[in-house]
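Protein chains in written order, with my numbering: chain A, 6 to 256; chain B, 34 to 296.
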């Protein structure tokens, strides 16, 4: 974590442990995320990624350990935590615009502030033309962009993404990954992006955390210092991808 | 290529319903006119039509003109029905989201639910007599069941992703109920309105057959007492037509209210 020394710590996870009955799922996970960092988390299938995210978003309580945001215990009512789910999460009774505004409504963002943020984020994700359409009138990739716009719109302290592009085809994924990097750089949000796609992780992350099999711990930490835009065929890119792949393969 | 069941000449298709209706009426008229079925058991369409016109402005022999019977029935039905909606829908919605509401109400509801609403008629007569209140009570008892069940199921069927999403933004239980569960349940609730209407209307006619001094069910009963098959059939037809009319109105209201919710 040496290169994070210069950056302010935004989120720190300390000794996070979760047991379901006697089954130990997460075992003493500790790490920090710097302010404005894009951190990817990869791990073998069934390593408890979903449990891990549910703990981070405070949907379920940990058995032991804590999650601190800006030195305070994380709390969805106090902090702005956003979650982009793998499955579509647009409410069918709200238009694109109303869906994006939902998080800000819960956060009680004042009306004119809400409108101006709405406009900015919709321009950023290119949804301005579709503002008044309903979710059943747009494609599934657009639905996912609405969810992402909604997540960024609350100016999140912590943005959690659970394989948001897992169900999209490769071409769209490349496009949306670039878009994500663009929005993230523009808004400087702190992002934890969970994926099982190693290439995606290397393409996006400033740093990759590799999780082990159950009971899950942080197995390794791989910084990705490549310049952007990144190239999948760049030998250095391939090298990092191999390293992460080996880490997941051998335990 | 169309996705309709089969192709055909559209003009012919438009005529077909009228053709079948006319055929039924003609056969009906013929079997009574030829004496195949005695006229004392079944009235002809012509007799029913004649009585219909007569009843438009004659109160005898049953005591009220036709429109009074219709309005009496509609008034009773709407009173009970609206009360059923006002109580049943909020109750079902709350039961779907708040475990306390479900725990308190469900046992009582499950105990009362299997009793057919018609079984309440004798008690209703004891309590309220044969006026509007008693029948409104019967309608209420039969209409509230689908209202509660559909609202409850509608809330329960809310996609859990929306609820998790709202929670991560820090929405309170009440906010989630109001902004996520209720809109998500609305299509089910409106489905329940139609079911409740059908149940109410059936129960109303049954109640009027037993205890009433006006209304369409009463008209049918009087037809039996006065040995007037044409009056029985007229009553039946009016029950059907009025039911259809109310159904269409509810459908209109529903379309207007959920205009934005295209699914």
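Where is the CB? At the ideal position from N, CA and C, for every residue including glycine.
Terminal residues of the alpha helix (DSSP H) in which residue i lies
i, result
"residue 24 of chain A", "Careful: residue 24 of chain A lies outside any alpha helix (DSSP H), inside the beta strand (DSSP E) at 14–25."
"residue 278 of chain B", "262–290"
"residue 55 of chain A", "54–61"
"residue 155 of chain A", "145–158"
"residue 83 of chain B", "78–88"
"residue 128 of chain A", "116–129"
"residue 348 of chain B", "Because chain B is modelled from 34 through 296, residue 348 of chain B falls outside the range shown and cannot be assessed."
"residue 90 of chain A", "Careful: residue 90 of chain A lies outside any alpha helix (DSSP H) and carries neither H nor E."
"residue 159 of chain B", "154–161"
Element boundaries [beta strand (DSSP E), containing residue i]
i, result
"residue 144 of chain B", "That residue, residue 144 of chain B, is in no beta strand (DSSP E); its alpha helix (DSSP H) goes 132–145."
"residue 226 of chain A", "223–228"
"residue 166 of chain A", "163–167"
"residue 96 of chain A", "Run containing residue 96 of chain A: none; DSSP gives neither H nor E here."
"residue 70 of chain A", "69–74"
"residue 198 of chain A", "196–199"
"residue 53 of chain B", "Run containing residue 53 of chain B: none in the beta strand (DSSP E); it sits in the alpha helix (DSSP H), 43–66."
"residue 39 of chain A", "28–39"
"residue 212 of chain A", "212–216"
Chain-ordered neighbours of residue i on chain A, where CB pairs are closer than 9 Å
i, result
"residue 147 of chain B", "Per Cβ cutoff of 9 Å: no residues; residue 147 of chain B is ~34 Å from chain A at best."
"residue 140 of chain B", "None at all; the shortest Cβ gap to chain A is about 30 Å."
Contacts around residue i, its chain only, beta-carbon distance under 8 Å, and the 5 residues preceding and following it disregarded
i, result
"residue 7 of chain A", "Confidence at residue 7 of chain A is low in this model, with a pLDDT of 41, below 50, so the placement of that residue is unreliable and no value is reported for it."
"residue 296 of chain B", "Residue confidence is low: residue 296 of chain B scores 47 on pLDDT, short of 50, so the model does not pin down where it sits. No coordinate-derived value is stated."
"residue 182 of chain A", "170, 205, 208, 209"
"residue 286 of chain B", "none"
"residue 78 of chain A", "71, 72"
"residue 92 of chain A", "172"
"residue 30 of chain A", "23, 24, 53, 56, 219, 220, 221"
"residue 232 of chain B", "150, 175, 176, 178, 179"
"residue 143 of chain A", "101, 135, 151"
Cutoff 7 Å; reference residue i; Cβ partners in own chain excluding five residues on either side
i, result
"residue 80 of chain B", "263"
"residue 135 of chain B", "128"
"residue 257 of chain B", "265"
"residue 43 of chain B", "none"
"residue 268 of chain B", "249, 252, 253, 256"
"residue 242 of chain B", "250, 253, 254"
"residue 74 of chain B", "262"
"residue 95 of chain A", "104, 140, 148, 151, 152"
"residue 138 of chain A", "100, 101"
"residue 56 of chain B", "none"
"residue 120 of chain B", "177"
Interface residues of chain B facing residue i [CB-CB closer than 8 Å]
i, result
"residue 90 of chain A", "194, 197, 198"
"residue 86 of chain A", "201, 202, 203"
"residue 159 of chain A", "202"
"residue 96 of chain A", "195, 213, 216, 217"
Reference residue i; option with closest CA among the options
i, options, result
"residue 251 of chain B", "B:68, B:96, B:64", "B:96"
"residue 112 of chain A", "A:221, A:191, A:81", "A:81"
"residue 161 of chain B", "B:67, B:270, B:245, B:290", "B:245"
"residue 178 of chain B", "B:165, B:114, B:284, B:207", "B:114"
"residue 219 of chain A", "A:51, A:103, A:37", "A:51"
"residue 172 of chain A", "A:251, A:90, A:31", "A:90"
"residue 110 of chain A", "B:132, B:203, B:184", "B:203"
"residue 155 of chain B", "B:171, B:165, B:140", "B:171"
"residue 19 of chain A", "A:250, A:32, A:225", "A:32"
"residue 282 of chain B", "B:92, B:226, B:259, B:199", "B:226"
"residue 223 of chain B", "B:288, B:235, B:274, B:200", "B:288"
"residue 216 of chain B", "B:201, B:186, B:234", "B:186"
Distance cut-off 8 Å: residue i Cβ against heavy atoms of the ligand COA
i, result
"residue 72 of chain A", "Ligands are entirely absent from the displayed structure, and the ligand COA is therefore not among its contents."
Per-residue contacts from residue i into chain A (C-beta, under 8 Å)
i, result
"residue 208 of chain B", "111"
Beta-carbon neighbours of residue i, restricted to chain B and to distances below 7 Å
i, result
"residue 62 of chain A", "201"
"residue 82 of chain A", "203"
"residue 108 of chain A", "202"
Close beta carbons around residue i, own chain, < 6 Å, minus the five adjacent residues each side
i, result
"residue 210 of chain B", "130"
"residue 272 of chain B", "238, 249"
"residue 214 of chain B", "130, 188, 191"
"residue 9 of chain A", "Because residue 9 of chain A sits at a pLDDT of 46, beneath the cut-off of 50, its placement in the model cannot be relied upon, and the following sentence gives the value as read from the coordinates. For residue 9 of chain A, where only same-chain residues beyond five positions count, the Cβ hits under 6 Å are 39."
"residue 122 of chain A", "158"
"residue 112 of chain B", "169"
"residue 76 of chain B", "262, 263, 266"
Cross-chain neighbours of residue i in chain B, by beta carbon under 9 Å
i, result
"residue 76 of chain A", "Within 9 Å Cβ-Cβ: nothing; residue 76 of chain A doesn't reach chain B, min ~19 Å."
Evaluate contact between the stretch 43–61 of chain A and the stretch 194–202 of chain A, counting only Cβ atoms and requiring at least three cross-stretch pairs below 8 Å. yes
Would you check if the stretch 138–151 of chain B and the stretch 82–89 of chain B touch, i.e. whether three or more CB-CB distances between them fall below 8 Å? no
With three or more beta-carbon pairs closer than 8 Å as the criterion, would you say the stretch 58–66 of chain A touches the stretch 160–176 of chain A? yes
Cβ pair count under 8 Å reaching 3, the stretch 44–64 of chain B against the stretch 227–236 of chain A: no
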